[in-house]
Every structure is written in C-alpha cells, then in structure tokens.
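Residue numbers (the UniProt record's numbering): 1 to 316. Even for Gly, the Cβ is constructed at its ideal location relative to N, Cα and C. Nothing here was measured: the structure is a model prediction, and the numbers come from that model.
Laid out in structure tokens, this is it:
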C-alpha cells in the first residue's frame, strides 16, 4: 500500500472553480439567463466572483443573498475548497416570462448587518502595469550598461554618455527641465489619486448587507429599471435616463395629459424604482418633462366598439 506521504494530490484550477461557480449560480431560481464567473485559488481557499442577471420586479437584496449562499455552498461542496461569500455583480435586471416568477424574492427586505458596505475598489491594473514597465525598462537598461562597463570593461553606451553630457550642459532653470519636472509631478499626483480613490464608479452597492458581503448593481441595470417605471406613467411617450454617481437625470416626453400631474407621477415612479434598487448611497432625481408636437391636454377617447365586437360590411 502506498503511504499517505507518497500519494498524489488533486489540484482544482481556478478556471474549474469559476465554471463550477457560474453553473451553481444558474441552478438558483433567482438567476435569469447565463452567468459568468471568475475565481482565485490560494491553497485550500477560493475567492469567487459571479456576474448574472436577476428577475425584476423583486426584492434584489434577498434574492442576491440567496444566490451568494447557494454559490458558496455548492462550489465548496463540489471542489472541497473553503469558499468565501462570493462577489455578486448584477449586470442586468430582466422581467421574467411568467407573472408568477416576479415574487421569487419575497416581499420583506433583509435587515442590515453591521456597518454599511463600501463601494467596490478597482485593482487599477493598467496604470500599475504601465508604471512598472517603464521603471523596469529604464532600470534594466541602465543596470545592463553599468554592468558591462564594470565587469566586461566595455565602453559606456552612446545613449548614456549623450544623456550625461546633455544634462551636464543644461541649466536647472531651462524650460525643458521645468516642463519635464512639471510632467513628472502631474504623473505622480495622478498615480497617487488613482491609488487613493476607489474605482468601479459605474456600480452601485446594494444596501442592507454587512461589509463582508459584496453585491453591486451596474448603472445599466438601474437605468433600465427607472426607464421602465417612468414609461408606465400615463401620457409619457419616451424616456431617456442617465444614472450618475450622485443623481439620476430623467428626460421624458409627454404625449397627452396634464403636465403637472404627469411630472409628479414620473418623479414618484423614479424614486420608487431607486428605492427598490436599494443603493447604498441615495441618488437624487432630476426630471425634465417636455411635451411633444402632438401633445393633447386631455387623453384621447377610445374608439367605440360595435355591439357584435367586430364590424360587418353590408354586401351591395
């Protein structure tokens, strides 16, 4: 019998964990359509992030929490790894085909646990990679040239001697030196700003969860919800919505009806939609309502329907 120390080990790759997580997300009744997952494996622990669509209208907080718990439990069961509560990114809100599925999440909202969750932070890979590559290339060239001079006795590279001669003959008060120093200061301040400020500003964190959980709504999902709610207002013909960090701008066209009443109803519908999305930070609504060229102060009267339910032509 082979001793335990000499036996082989089974390694589950991050790609396999991601596939298992996204399949587990689609097993829940709260998911709509396909899901996409990513994972990071460190030893016996795994961190999972899932992107998927949720049904609407429904309680987003409770449904997202159920998806998180199922993904964590199912992925841990199938992989044997310790899976943390996964990050859940809601990329779209979709109306289900049947009306019975609109009450999947339940009617009660989940109570808040602990302090409010923070906004998702960005890893800022592009500026980090660019700065690291520039520093590595400059340091590598200089180190290689100095090593060749000291160890192999070769002459210094032409670019280094030219650079030293040019710097020696340039005054610190020259315009080129001032411009280069200003550019370096601006680049340094920009890197510090990227390092100190959170990214992923196009995602709104869902309130009602502790800081250990992470559920976010894309601005596109919030935009679609607000647009659908405002379109349900009587007389509104078309709606354009723009969701920002602090406020939501709504532009609607009114085809018929009282303008003041339609404005109040549209504002109330937009605020109700935002309340259902439960953003961590409240968003202000700015509504601009204008009438169309065919606007009528009163709604059009329906055409009378014959008693038989259909028109009958008399034969000549």
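Residues of the same chain with a CB within less than 7 angstroms of the CB of residue 127, apart from the 5 flanking positions on each side, are 191, 194 in chain order. Counting along the chain, residue 157 sits inside no alpha helix (DSSP H), nor does DSSP assign it H or E at all. Contact annotation: the region 244 to 261 touches the region 277 to 292, with at least three C-beta pairs closer than 8 angstroms. A direct Cα-Cα distance of roughly 14 angstroms separates residue 259 from residue 268. Assigned with DSSP and collapsed to three states, residue 167 falls in helix. With the rule of 3 Cβ pairs closer than 8 angstroms, the region 63 to 71 does not count as touching the region 38 to 46. Going by DSSP, residue 228 is part of the alpha helix (DSSP H) stretching over 219 to 231. Distance between residue 125 and residue 182, taken at the CA atoms: about 25 angstroms. If you ignore the 5 residues before and after residue 14, its C-beta comes within less than 7 angstroms of the C-beta of 39, 40, 41, all in its own chain and listed in chain order. For residue 31, there is no enclosing alpha helix (DSSP H), since its DSSP letter is neither H nor E. Residues of the same chain with a CB within less than 8 angstroms of the CB of residue 27, apart from the 5 flanking positions on each side, are 70, 74 in chain order. Around the CB of residue 261, fewer than 16 other CB atoms lie within 10 Å, so the residue is classed as exposed. Cβ-Cβ separation between residue 217 and residue 206: approximately 6 angstroms, consistent with a contact (criterion under 8 angstroms). Rounded to the nearest whole angstrom, the CA to CA distance from residue 247 to residue 140 is 48 angstroms. Taking the C-beta atoms as reference points, residue 298 is found no nearer than 9 angstroms to residue 266.
Taken atom to atom, the span from the alpha-carbon of residue 279 to that of residue 91 is near 15 angstroms. Counting of Cβ neighbours within 10 angstroms places residue 224 among the buried residues, the total reaching 16 or more. The three-state secondary structure of residue 276, taken from DSSP, is helix. Look at residue 73 here: in three-state DSSP terms it is helix.
Across the structure, residue 171 and residue 177 are spaced so that their CA atoms are roughly 8 angstroms apart. When secondary structure is reduced to three states using DSSP, residue 145 falls in the helix class.
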